[in-house]
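Residue numbers (the numbering used here), protein chains in the order written: chain C, -15 to 276; chain H, 326 to 664.
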Amino acid sequence: MSAARLGVPKTYKLYIGGKFVRSESGRVYEVPTKKGGPLLNTVNAAKGSRKDARDAVTAARGAVSGWAGTSGYNRGQVLYRIAEVLDGRRAQFADEIAASEGVSAAAATAQVDEAIDLWVWYAGWADKYVQVAGNANPVSGPYFNLSTPEPTGVVAVIAPQGAGSLLGFVRAVAPVLVSGNTVVVIGNERAPLAALSLGEVLATSDVPAGVVNILSGSPAEIAPWLASHADVNALDLLGAEHLDWVDLQITAAETLKRVLPPETGPDAGAPSIDRITFFTETKTVWHTKGLI
Amino acid sequence: METTATGSTAIAPASRALEVIGGDLTEKALKRYLEGIAGVDAVGLEARAASLGTRSIKTTSKAWALDKIISLIDLTTLEGADTPGKVRSLVAKALVPDADDLSTPRVAAVCVYGDMVPHAVEALGRAHDADAAGRINVAAVATAFPSGRASRSVKLSDTADAVAAGADEIDMVIDRGAFLSGRYGLVFDEIVAVKEACRRADGSYAHLKVILETGELNTYDNIRRASWLSILAGGDFIKTSTGKVAPAATLPVTLSMLEVVRDWHRLTGEKIGVKPAGGIRTSKDAIKYLVTVAETVGEDWLQPDLFRFGASSLLNDVLLQRQKLTSGSYSGPAYVTID
């Protein structure tokens, strides 16, 4: 056997509606990678366009009723399954992180492990957050008055753009999924590989098609279209600190979206139940205590 | 042959066939004529349809196309669960497709089952008057739609009922079983008889659309023959499908029917309408049809008297595209009605 086997470099594509597609615009961009790192070839990723974002929103809207309709217990199992499948592919993700972020193999592996643990943490909340955020309200009458959080719908997310490309991505996306929202997410522009590969994990973890839609490319180009899109219900600007995010907020207000502002520093998007409950709507029902 | 019109007994609407085929209009002559029509080059047809579908229609052309599509729509509800209330809301949408933008044109017609015609006429009110600006027609499906499996007398009274109730257009289905077993005379007679049943008390005729149900005809050759047969028998429109059989309207099928219409126009100078129905759900698809019509028979045909879309969900998609063009940002299904 010859030692010089020709490698099979991966085409990094968008993940929309459960399918791995090239950008409709046909564009790609070169992802900067560390010379001599685990990925020897030049790597290109698809450069998503506004029409890819539009298609992603359509896919996400179509997936809302199914994903929101599953029980919290079931959603938790699916999110836990993501952690299981991701755990089996730690080496690949560590390689991609090391190559595109220029960090050591040990640091990359540590980041993957933290991301896996974070999926498990959020998976646990899926059948518990309602008990914490919901309430039985005291009312002056013979009624039960119950408030429960329900998913908002389609959430557009701008993933963190700095270091920690996989962990930042999971910190942004996982909490939105817990309550049953579907997501259109713009990944890390400089280091999109881990997020695009995470699409492969999601596709094989019983996450229904369209629940998570991953775009790579320029957030500055795509974000305004998502902010103004009338069929997007909420906007998480977590990684938008370098964009004109005030303008995005103003645009989003036109269609009454919920908007989370950017966060910076290593604790940006740190695990929190608030990130779950922010993307919910409170439903209150009255029910008679009894008819005598 | 028992009933096919001959020179002496021909019913008026069969006059086209008499002129083209000749005085001796027997089943044998009809069969010889239809089977003498050249076959369809299926590969060429599909390639032509595919190439017509690649045109890029943008900005002002797209705005024009979207308004044109709306004005060509037969807004349709053909469900067993239809109620007078459902028909009233359909009519309301036909009159004002987008309440947020009153510059949106009205659709061409509403298409309902025969028993719903009175409700549609009543709901349309003055918009159904003969001289009304932005008049909306009422089309009724008849002849035991969608299967067409009923006796001749049932089909005829189905048609006459709808016309008496005020339907302007009748969408009839052909007997596909008879057509596929080669009994062209039977199909021909039925169309002639239904056309006669479309006659109103004042002697005018309701427009007759003949549904070929192309999804059941299997080959492009059959579709071409059925198109000729329908035109010869007196159809004003030829329509692809009921919408109840898959595949419904496709671009190659519609193209082949348009080619027959073009040939008929060359032969006689008479303009026959075409209506693709079923399966056209997006503006993008509908624009491909507009391009195909303009390139095959000419832009003359892009008017409600000669081209229609049979559709229900298409209108919402066109409205969303229209809102996108007006506002500059993407709209969503929450901004159009739930039908």
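All residues carry an ideal CB built from backbone N, CA and C; glycine is no exception.
List, in chain order, every chain C residue whose beta-carbon is nearer than 9 Å to that of residue i.
i, result
"serine 654 of chain H", "Pro208, Trp209, Ala211, Ser212, His213, Ala214, Thr235, Glu238 and Thr239"
Listing by chain order, which chain C residues have their CB less than 8 Å from the CB of residue i?
i, result
"alanine 659 of chain H", "Ala214 and Asp215"
If we call anything under 8 Å between Cβ atoms a contact, is residue i one with residue j?
i, j, result
"valine 12 of chain C", "alanine -12 of chain C", "no"
"glycine 32 of chain C", "isoleucine 206 of chain C", "yes"
"alanine 179 of chain C", "alanine 143 of chain C", "yes"
"alanine 271 of chain H", "isoleucine 663 of chain H", "In the structure as shown, chain H begins at 326 and stops at 664. Residue 271 of chain H is therefore absent and cannot be evaluated."
"valine 643 of chain H", "phenylalanine 632 of chain H", "no"
"leucine 403 of chain H", "glycine 540 of chain H", "no"
"histidine 213 of chain C", "serine 608 of chain H", "no"
"glycine 598 of chain H", "aspartate 561 of chain H", "yes"
"alanine 464 of chain H", "alanine 434 of chain H", "yes"
"valine 661 of chain H", "leucine 645 of chain H", "yes"
"threonine 266 of chain C", "serine 131 of chain C", "yes"
"leucine 210 of chain C", "valine 168 of chain C", "yes"
"glycine 517 of chain H", "isoleucine 556 of chain H", "Checking the sequence shown, residue 517 of chain H turns out to be valine, not glycine. Cβ atoms of valine 517 of chain H and isoleucine 556 of chain H: not closer than 8 Å."
"histidine 444 of chain H", "valine 412 of chain H", "yes"
"lysine 564 of chain H", "leucine 537 of chain H", "yes"
"leucine 186 of chain C", "proline 203 of chain C", "no"
Check for me: the beta strand (DSSP E) holding residue i runs from which residue to which?
i, result
"valine 488 of chain H", "Taken as a continuous stretch (DSSP letters only), valine 488 of chain H belongs to no beta strand (DSSP E), being part of the alpha helix (DSSP H) at 477 to 489."
"glutamate 14 of chain C", "12 to 15"
"asparagine 197 of chain C", "196 to 199"
"histidine 271 of chain C", "264 to 272"
"valine 437 of chain H", "434 to 438"
"threonine 621 of chain H", "Counting along the chain, threonine 621 of chain H falls outside any beta strand (DSSP E), though it belongs to the alpha helix (DSSP H) covering 608 to 621."
"lysine 411 of chain H", "Here lysine 411 of chain H belongs to no beta strand (DSSP E); instead the alpha helix (DSSP H) covers 409 to 420."
"asparagine 28 of chain C", "27 to 30"
Would you call residue i buried or exposed, if buried means 16 or more other Cβ atoms sit within 10 Å of its Cβ?
i, result
"serine 333 of chain H", "Note that serine 333 of chain H scores a pLDDT of 37, beneath 50, so its modelled location is shaky; the value from the coordinates is reported in the next line. When all chains shown are included, serine 333 of chain H counts as exposed."
"aspartate 190 of chain C", "exposed"
"isoleucine 0 of chain C", "buried"
"alanine 357 of chain H", "According to the sequence shown, residue 357 of chain H is arginine rather than alanine. Arginine 357 of chain H is exposed by the Cβ-count criterion."
"alanine 659 of chain H", "exposed"
"leucine 499 of chain H", "Here residue 499 of chain H is isoleucine; the residue named in the question, leucine, does not match the sequence. Flag for isoleucine 499 of chain H reads buried."
"threonine 329 of chain H", "Because threonine 329 of chain H carries a pLDDT of 44, less than 50, the predicted location of this residue cannot be relied on, and the following value inherits that uncertainty. Buried: at least 16 other Cβ atoms inside 10 Å."
"tyrosine 301 of chain C", "With chain C running from -15 to 276 in the structure shown, residue 301 of chain C is simply not present."
"isoleucine 234 of chain C", "exposed"
"asparagine 462 of chain H", "buried"
"lysine 35 of chain C", "exposed"
"tyrosine 545 of chain H", "buried"
"phenylalanine 128 of chain C", "exposed"
"threonine 261 of chain C", "buried"
"glutamate 595 of chain H", "exposed"
"serine 381 of chain H", "exposed"
"aspartate 483 of chain H", "buried"
"threonine 429 of chain H", "buried"
"glutamate 624 of chain H", "exposed"
"leucine 240 of chain C", "exposed"
"glutamate 173 of chain C", "buried"
"threonine 385 of chain H", "exposed"
Which stretch, first to last residue, makes up the alpha helix (DSSP H) that contains residue i?
i, result
"tyrosine 113 of chain C", "113 to 117"
"valine 157 of chain C", "149 to 162"
"threonine 93 of chain C", "89 to 109"
"valine 167 of chain C", "Taken as a continuous stretch (DSSP letters only), valine 167 of chain C belongs to no alpha helix (DSSP H), being part of the beta strand (DSSP E) at 166 to 170."
"isoleucine 234 of chain C", "229 to 237"
"valine 48 of chain C", "34 to 53"
"glutamine 61 of chain C", "56 to 71"
"arginine 460 of chain H", "Looking at the DSSP string, arginine 460 of chain H is not in any alpha helix (DSSP H), and its letter there is neither H nor E."
Name the chain H residues that come within less than 8 Å of residue i, Cβ to Cβ?
i, result
"arginine 38 of chain C", "Tyr655"
Does the beta carbon of residue i sit closer than 8 Å to a beta carbon anywhere in chain A?
i, result
"serine 124 of chain C", "Considering every chain present, this structure includes no chain A. Its protein chains are C and H."
Residue i bridges to which residues according to DSSP?
i, result
"aspartate 496 of chain H", "H/Val466 and H/Lys534"
"threonine 132 of chain C", "C/Lys267"
"glycine 598 of chain H", "H/Phe562"
"alanine 218 of chain C", "C/Val139 and C/Arg242"
"glycine 635 of chain H", "H/Asp399 and H/Ala602"
"phenylalanine 4 of chain C", "C/Tyr(-1)"
"tyrosine 127 of chain C", "C/Thr272"
"arginine 524 of chain H", "H/Tyr530"
"alanine 120 of chain C", "C/Leu130"
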